[in-house]
Amino acid sequence: MGIRVIAALVIISGFVFAPCPAFAQQPKAPKGINSERSLPDRYPYNVKDILKYCEPEKGFWVDLGAGKGQLTIPLVEATDNPVIMVDPNADSLAQGLELAREKRLAHRLSAVVGVAEKLPFPDNSVDLLVSRGSIFFWSDQAKGLQEVYRVLRPGGKAMIGGGAGSGYPKEAVDELIRIRKERLHGDDAEKWQHFVEVRRPEQMHEWAAQAKIPEFEVAGKGAISADDPKVGQGVWLMFTKQK
Numbered sequence: 054m055g056i057r058v059i060a061a062l063v064i065i066s067g068f069v070f071a072p073c074p075a076f077a078q079q080p081k082a083p084k085g086i087n088s089e090r091s092l093p094d095r096y097p098y099n100v101k102d103i104l105k106y107c108e109p110e111k112g113f114w115v116d117l118g119a120g121k122g123q124l125t126i127p128l129v130e131a132t133d134n135p136v137i138m139v140d141p142n143a144d145s146l147a148q149g150l151e152l153a154r155e156k157r158l159a160h161r162l163s164a165v166v167g168v169a170e171k172l173p174f175p176d177n178s179v180d181l182l183v184s185r186g187s188i189f190f191w192s193d194q195a196k197g198l199q200e201v202y203r204v205l206r207p208g209g210k211a212m213i214g215g216g217a218g219s220g221y222p223k224e225a226v227d228e229l230i231r232i233r234k235e236r237l238h239g240d241d242a243e244k245w246q247h248f249v250e251v252r253r254p255e256q257m258h259e260w261a262a263q264a265k266i267p268e269f270e271v272a273g274k275g276a277i278s279a280d281d282p283k284v285g286q287g288v289w290l291m292f293t294k295q296k
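For the sequence shown, the working numbering begins at 54 and goes up steadily by one.
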């Protein structure tokens, strides 16, 4: 059984045992979001953008809000670099680790139950932190971003947000946006309007400014636009910790 230690974290056979801080109940996703699952998988396209724009060094990588490892696993497959998944939902993490075992990637994935607002990593320790679809559900976005900046090593990079990826097929992007615009006037319109509102680039700018991130870039024009030439549909916050 492989055992390794990162600061106060003990990693045993893929699991990281650490106290999980309390976290507030987060709003559920709006009705109809599951209908998007019939579209092509977006995560491999996100991985390509992460590698293109972050150009990360091999080392200590973290997927924050990893869920079942939907982004983590293709990131590991594309790079062979180990990744630690962080999420408040232990059941989701367990499912992600099981899928990694099925794909014979278990030796490259670990998981820790935790939240963005209190990351269980030392200062200046993380080479790359990615997070797709998570920040919109954090209890305190500014605090979470401050934590991300704290744990990044000088020169370490973060890419946080959500979207389909710049190479996602146009017909699939068009269908995704059509579905979302239609939902804005459906039974769960209020939640869908909130879904779109928190994914505005202006909102991402505001969170980063509140967190006092010294230098950052926001790419993308939101949940119902694919007009950004860099990342396509969605919105992403990117920054490097200053040396």
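Glycine is no exception: its CB is placed at the ideal position from the N, C-alpha and C atoms.
Can you give the Cα-Cα distance for SER260 and ASP281, rounded to whole angstroms?
The amino acid at residue 260 is misidentified as Ser; the sequence shows Trp. Their Cα atoms are separated by approximately 20 Å.
Run of the alpha helix (DSSP H) containing GLY197, from where it starts to where it stops:
194-204
With a Cβ-Cβ cutoff of 8 Å, do PHE292 and ALA195 count as a contact?
Going by C-beta atoms, PHE292 is not nearer than 8 Å to ALA195.
Closest by C-alpha distance to GLU268, when choosing among ASP102, VAL183, GLY208, ARG185
Minimum Cα distance to GLU268 is reached at GLY208.
With DSSP run on the structure shown, which of helix, strand or coil describes SER91?
helix
When ALA143, ARG231, ALA159, VAL139 are compared against ALA169, the one with the closest alpha-carbon
VAL139
N-terminal and C-terminal residue of the beta strand (DSSP E) that SER145 is part of:
Careful: SER145 lies outside any beta strand (DSSP E), inside the alpha helix (DSSP H) at 143-155.
Does the separation of the CB atoms of GLY275 and ASP102 fall below 8 Å?
One thing to note: GLY275 has its Cβ no nearer than 8 Å to the Cβ of ASP102.
Going along the chain, which residues of its own chain have a beta-carbon closer than 8 Å to the beta-carbon of VAL204, five neighbours each way excluded?
In its chain, beyond the 5 residues on either side, VAL115, LEU172, PHE174, PRO175, ASP176, ASN177, SER178, VAL179, LEU182 have a beta carbon closer than 8 Å to the beta carbon of VAL204.
Nearest neighbour of GLY149, chosen from PRO135, ASN134, GLU130, ILE126 [CA to CA]
ILE126
Measuring only the C-alpha atoms, how far is ILE266 from TYR202?
7 Å
Buried or exposed (CB count within 10 angstroms, at least 16 for buried), ALA272:
buried
Residues in its own chain within less than 7 Å of PRO44 by CB, not counting five upstream and five downstream?
This structure does not reach residue 44, given that the chain is present from 54 up to 296, and the question cannot be answered.
Beta-carbon gap between LEU229 and GLU89 smaller than 8 Å
yes
Residue closest to ALA164, alpha-carbon to alpha-carbon, out of ALA147, ASP241, GLU155:
ALA147
Near GLY220, what residues of its chain come up, given a Cβ to Cβ distance below 7 Å and the 5 sequence neighbours on each side ignored?
TYR98, LYS101
Given a cut-off of 8 Å, decide if ILE277 and LYS223 are closer than it, judged by their beta-carbon atoms.
It is not a contact, given that the beta carbons lie outside the stated cut-off.
Nearest-angstrom Cα separation, counted from ALA119 out to GLN78
Reliability of the predicted coordinates at GLN78 is poor, the pLDDT of 41 falling under 50, and no value is obtained from them.
CA-CA distance, TRP191 and GLU255?
17 Å
Which one of SER91, LEU92, LYS105 has the shortest CA to CA distance from VAL284?
LYS105
With a threshold of 8 Å on Cβ separation, who are the neighbours of LEU158 within its own chain once the five nearest residues in sequence on each side are excluded?
A distance below 8 Å between beta-carbons, with the five flanking residues on each side excluded, links LEU158 to the following residues of its chain, in chain order: ILE126, VAL129, GLU130.
Taking the straight line between their C-alpha atoms, what separation do you get for MET302 and VAL226?
The structure shown does not extend to residue 302, since the chain is modelled only from 54 to 296, so the question has no answer here.
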